[in-house]
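Peer 1:
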Amino acid sequence: MPLRVVNPATEEQIAEVERAGVDETDAAVAAARAACPAWRAVTPSDRGRLLRRLATLVEEHGEELARIESRNVGKPIAGARAEVGMVADVFHFYAGAVDKKHGETIPVAGGVDMTFREPLGVVGLIVPWNFPLNIASWKLGPALACGNTVVLKPAELTPLSALRLAELARDAGIPDGVINVLVGKGSVVGQRLVEHPDVAKIGFTGSTEVGRSVMKGAAQTIKRVTLELGGKSANVVFADADLERAAAAAPYAVFDNAGQDCCARSRILVEKSAYDRFAQLLIDATRNVKVGDPDDERTEMGPLISRQHRETVASFVDTSPLFQGEAPNSTGFWFPCTLVEATNDDRVAREEVFGPVAALIPFADEADAIRIANDTPYGLSGSIWTENGARALRVARALETGVLSINSNSSVRVATPFGGFKQSGFGRELGMHALDGYSEVKNIFYATEH
Ligand code: NAD
Numbered sequence: 028m029p030l031r032v033v034n035p036a037t038e039e040q041i042a043e044v045e046r047a048g049v050d051e052t053d054a055a056v057a058a059a060r061a062a063c064p065a066w067r068a069v070t071p072s073d074r075g076r077l078l079r080r081l082a083t084l085v086e087e088h089g090e091e092l093a094r095i096e097s098r099n100v101g102k103p104i105a106g107a108r109a110e111v112g113m114v115a116d117v118f119h120f121y122a123g124a125v126d127k128k129h130g131e132t133i134p135v136a137g138g139v140d141m142t143f144r145e146p147l148g149v150v151g152l153i154v155p156w157n158f159p160l161n162i163a164s165w166k167l168g169p170a171l172a173c174g175n176t177v178v179l180k181p182a183e184l185t186p187l188s189a190l191r192l193a194e195l196a197r198d199a200g201i202p203d204g205v206i207n208v209l210v211g212k213g214s215v216v217g218q219r220l221v222e223h224p225d226v227a228k229i230g231f232t233g234s235t236e237v238g239r240s241v242m243k244g245a246a247q248t249i250k251r252v253t254l255e256l257g258g259k260s261a262n263v264v265f266a267d268a269d270l271e272r273a274a275a276a277a278p279y280a281v282f283d284n285a286g287q288d289c290c291a292r293s294r295i296l297v298e299k300s301a302y303d304r305f306a307q308l309l310i311d312a313t314r315n316v317k318v319g320d321p322d323d324e325r326t327e328m329g330p331l332i333s334r335q336h337r338e339t340v341a342s343f344v345d346t347s348p349l350f351q352g353e354a355p356n357s358t359g360f361w362f363p364c365t366l367v368e369a370t371n372d373d374r375v376a377r378e379e380v381f382g383p384v385a386a387l388i389p390f391a392d393e394a395d396a397i398r399i400a401n402d403t404p405y406g407l408s409g410s411i412w413t414e415n416g417a418r419a420l421r422v423a424r425a426l427e428t429g430v431l432s433i434n435s436n437s438s439v440r441v442a443t444p445f446g447g448f449k450q451s452g453f454g455r456e457l458g459m460h461a462l463d464g465y466s467e468v469k470n471i472f473y474a475t476e477h
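The opening residue of the sequence shown carries number 28 in the numbering used here; numbering runs sequentially from there.
1) Starting from residue 121, trace the alpha helix (DSSP H) both ways and give me its first and last residue.
2) Is residue 33 near the ligand NAD - that is, is its Cβ less than 8 angstroms away from at least one heavy atom of it?
3) Runs of 3 residues minimum, wholly inside the segment 156-231: which ones carry the beta strand (DSSP E) assignment?
4) Counting Cβ pairs, one atom from each stretch, are 3 or more of them under 8 angstroms apart for the segment 136-149 and the segment 360-379?
5) Hey, is the segment 444-453 in contact with the segment 143-156, meaning 3+ C-beta pairs nearer than 8 angstroms?
6) Spatial neighbours of residue 348 within its chain, please: CB distance less than 7 angstroms, with the 5 preceding and 5 following residues excluded, ordered by chain position.
7) By alpha-carbon positions, which one of 451, 35, 178 ends up nearest to residue 379?
8) Which residue wins for smallest C-alpha separation from residue 404, given the options 236, 103, 87?
9) If we require 4 or more residues per run, which alpha helix (DSSP H) segments fall completely within the segment 42-109?
10) Does the Cβ of residue 162 lie closer than 8 angstroms to at least one heavy atom of the ligand NAD?
11) Taking residue 171 as the reference, which of 245, 79, 262 has the closest Cα?
12) Would you mind reading off the limits of the alpha helix (DSSP H) that contains residue 305?
13) Between the Cα of residue 287 and the Cα atoms of 258, 51, 52, which residue gives the shortest distance?
14) What I want to know is whether the C-beta of residue 436 ends up closer than 8 angstroms to one or more non-hydrogen atoms of the ligand NAD.
15) The ligand NAD and residue 288: does the residue's C-beta get closer than 8 angstroms to at least one heavy atom of that ligand?
16) What's the gap between the Cα of residue 29 and the Cα of residue 284?
17) Let me confirm a value: residue 5 is counted as buried when at least 16 other C-beta atoms fall within 10 Å, else exposed. Which label applies?
18) Following the continuous alpha helix (DSSP H) through residue 274, name the residue where it begins and the one where it ends.
19) Three or more C-beta pairs closer than 8 angstroms, one from the segment 381-397 and one from the segment 63-82: is that the case here?
20) With distances taken from CA atoms, which of 312, 384, 427 is nearest residue 338?
21) Would you report the Cα separation of residue 292 and residue 107, rounded to the nearest angstrom?
22) Distance, Cα to Cα, residue 440 vs residue 120?
23) Using C-beta distances below 7 angstroms, list every residue in its chain close to residue 400, excluding the 5 sequence neighbours before and after it, in chain order.
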């Protein structure tokens with residue numbers, strides 16, 4: 028049965044897409060495998076040129092791609108444009124990176140020892156629905172730059188932008204078979220990629236639960252895996268912070284993308300002596316978040332991805348909230364910005380809500396803040412707000428998390444490494460670090476003595 032693709036803001040069907048099964052997955056892996064020798068033989072400068080062309084085509088089709096993403100995910104159009112801008116930047120970055128990840132020569136007796144960065148072969152890329160094109164590009168860029176060919180599986184709910192990107196890649200001159208996009212169920216296409224003996228690596232972004240099964244399945248063939256999983260990040264606000272700035276920024280660190288963000292700072296930890304004042308400032312700032320039609324240029328938050336997901340999100344608000352904003356009362360999977368007071372033991376503070384619900388949690392002092400922030404199985408992201416520079420660095424070093432920002436909630440950049448500690452996964456995306464995950468080090472000794 029074909030897949031119905033729906034706009035979550037209107038509940039209307041916007042496309043129908045054929046669903047792939049195991050046979051189509053095997054065919055895509057075979058096509059990617061057949062394309063491997065020619066793709067790795069493309070000279071580095073030409074491979075860079077092809078990626079640069081793709082980046083340029085993404086820019087030229089930026090508005091079209093942003094509209095696709097906005098309609099399919101319910102993202103506000105302004106945010107969708109920024110995401111597509113990042114996709115182009117990612118391909119520009121890896122176009123330039125192709126010939127900048129060097130091997131080494133190592134001093135040894137009797138000859139020359141050298142290392143090469145070899146491609147892995149066929150890599151399977153499995154991505155979620157919350158940032159479909161962005162996260163696909165974070166994997167495609169380094170995978171292609173290193174000379175791999177790929178089979179990309181977008182989430183079933185949001186396949187449209189990946190399908191369009193594959194067409195643009197063809198227009199850019201990237202040879203057939205290098206990028207294969209397969210729309211289908213995770214338990215069918217995803218699982219087959221994980222098990223397939225000709226797939227050398229899985230680059231996975233999604234929930235910790237599915238990540239665990241990917242890791243287990245990959246063990247069968249000792250597949251490489253990069254896992255970018257869930258988060259429950261802390262936004263730590265000390266009493267000596269610029270409270271107005273911290274409170275004005277905090278809503279966007281959790282309500283952006285309707286809270287469907289692995290980096291969402293959904294636990295807002297506030298020092299007790301500043302708690303009441305900060306809570307009032309936060310309520311005022313949250314009231315200003317513009318929720319509504321994703322097509323409206325001023326909209327800051329759209330709907331959730333699906334009816335089922337809205338039910339899950341709603342289940343986290345089981346007490347009277349500190350504050351709940353407005354949301355359209357019409358068709359669409361709307362949920363208002365919600366602030367709740369909690370302890371770190373409450374379900375809303377322990378589990379990933381993946382919706383616009385933030386938990387306010389008081390702390391006593393610096394040690395207490397570190398203890399609470401680290402008291403979670405996750406370790407993806409987080410923020411620290413203080414005017415005391417030494418404390419900012421001290422706390423940053425103590426937090427068990429992969430990506431942090433100080434006096435800011437922005438920690439995702441094209442050129443800098445991104446990834447988690449603990450059950451938020453392992454391996455790094457973006458920046459030059461991502462190339463490590465898509466290449467294998469080969470060591471060669473060449474005897475020079477007779
Ligand atoms: P999900 O784990 O349900 O699905 C992710 C992808 O895995 C989808 O393409 C899905 O079809 C596929 N999949 C499902 N079952 C599979 C299986 N058995 N084998 C192989 N693939 C399978 O996640 P989601 O609901 O799409 O996305 C939300 C989750 O993603 C959240 O937990 C969020 O934190 C996480 N996420 C993490 C990051 C990060 O970089 N750390 C970024 C975005 C989202």
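For every residue, glycine included, the Cβ atom is placed at its ideal position computed from N, Cα and C.
Peer 2: In short, the structure shows the following:
1) 104-124
2) no
3) 176-180, 206-208
4) no
5) no
6) 365, 366, 367
7) 451
8) 236
9) 49-68, 71-87, 89-100
10) yes
11) 79
12) 302-314
13) 258
14) no
15) yes
16) 27 angstroms
17) With the chain covering only 28 through 477, there is no way to say anything about residue 5.
18) 270-282
19) no
20) 384
21) 20 angstroms
22) 11 angstroms
23) 261, 263, 296, 409, 426
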